[in-house]
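Its first residue numbered 1, the sequence shown is counted upward by one per residue in my numbering.
Beta carbons: idealized from backbone N, C-alpha and C, even for Gly.
As the structure is a prediction and not an experimental result, all values here were calculated from the model.
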Amino acid sequence: MKRNSRLSLALHTLSHMAGDPDRLRTSSDIAEHAGTNPVVVRRVLGKLREAGLLTSEKGHAGGWRLARLPGDISLADVYLALDERMVAADESSEAPACSVEHALHKKVSGVLEEIEESLVKRLAETSIAQVRGT
1 MKRNSRLSLA
11 LHTLSHMAGD
21 PDRLRTSSDI
31 AEHAGTNPVV
41 VRRVLGKLRE
51 AGLLTSEKGH
61 AGGWRLARLP
71 GDISLADVYL
81 ALDERMVAAD
91 ESSEAPACSV
101 EHALHKKVSG
111 VLEEIEESLV
121 KRLAETSIAQ
131 VRGT
């Protein structure tokens, strides 16, 4: 699954959960609703749990629920929880001994880092509750 589809799955799932924050949802139910595999859902939800955005309960009556109020979860929280950058700078250089490539790589990497920081800042301005319109 691509990075942006993981983010889409996470945002979609959290937005649905925000409609009834106390309800437990199984990964199978979420997967069916999202049209994807439960294993993929569990991986994404596991990252959200590690970030403190979700809690999970094991067992027959278990499932996933929001760990915070929807208004206290920003899109940046979700994006950062997935630990995958959308605007990734390539850390390696094809010709590390070339001074021109080194300078170009340094400049482009700096620009990409600024774009990533701007993206996170903008995502932080919107909560899951705002996405739902509540």
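Hey, residue i and residue j are a contact pair by Cβ (cut 8 Å); roughly how many whole angstroms apart?
{"i": "V120", "j": "L80", "result": "7 Å"}
{"i": "L75", "j": "L123", "result": "4 Å"}
Identify, in the order they occur along the chain, each residue of the same chain with its Cβ nearer than 6 Å to the Cβ of residue i, setting aside the five sequence neighbours on each side.
{"i": "P21", "result": "L66"}
{"i": "W64", "result": "R25, L45, L54, S56"}
{"i": "E125", "result": "none"}
Going by DSSP, name the residue or residues bridged to residue i.
{"i": "T55", "result": "R65"}
{"i": "S74", "result": "S127"}
{"i": "R23", "result": "In DSSP, R23 forms no bridge with anything."}
So, are the CB atoms of residue i and residue j less than 8 Å apart?
{"i": "V78", "j": "E116", "result": "no"}
Please confirm whether residue i has its beta-carbon closer than 8 Å to some beta-carbon of chain D.
{"i": "L82", "result": "Protein chain content of the structure displayed is limited to a single chain, and chain D is not contained in it."}
Which residues in the same chain have their Cβ closer than 7 Å to the Cβ of residue i, if we skip the five residues on either side of it in sequence?
{"i": "K47", "result": "A81, L82, D83"}
{"i": "I30", "result": "T13, V41"}
Under 8 Å Cβ to Cβ from residue i, same chain only, skipping five residues before and after it: list those, please.
{"i": "K58", "result": "none"}
> Do three or more CB pairs link the region 10–27 to the region 39–57 at distances below 8 Å?
Replying inline: yes
>> Using 8 Å as the cut-off, can you tell me whether the region 68–75 makes contact with the region 120–131, which would need three or more C-beta pairs spanning the two stretches below that distance?
In response: yes
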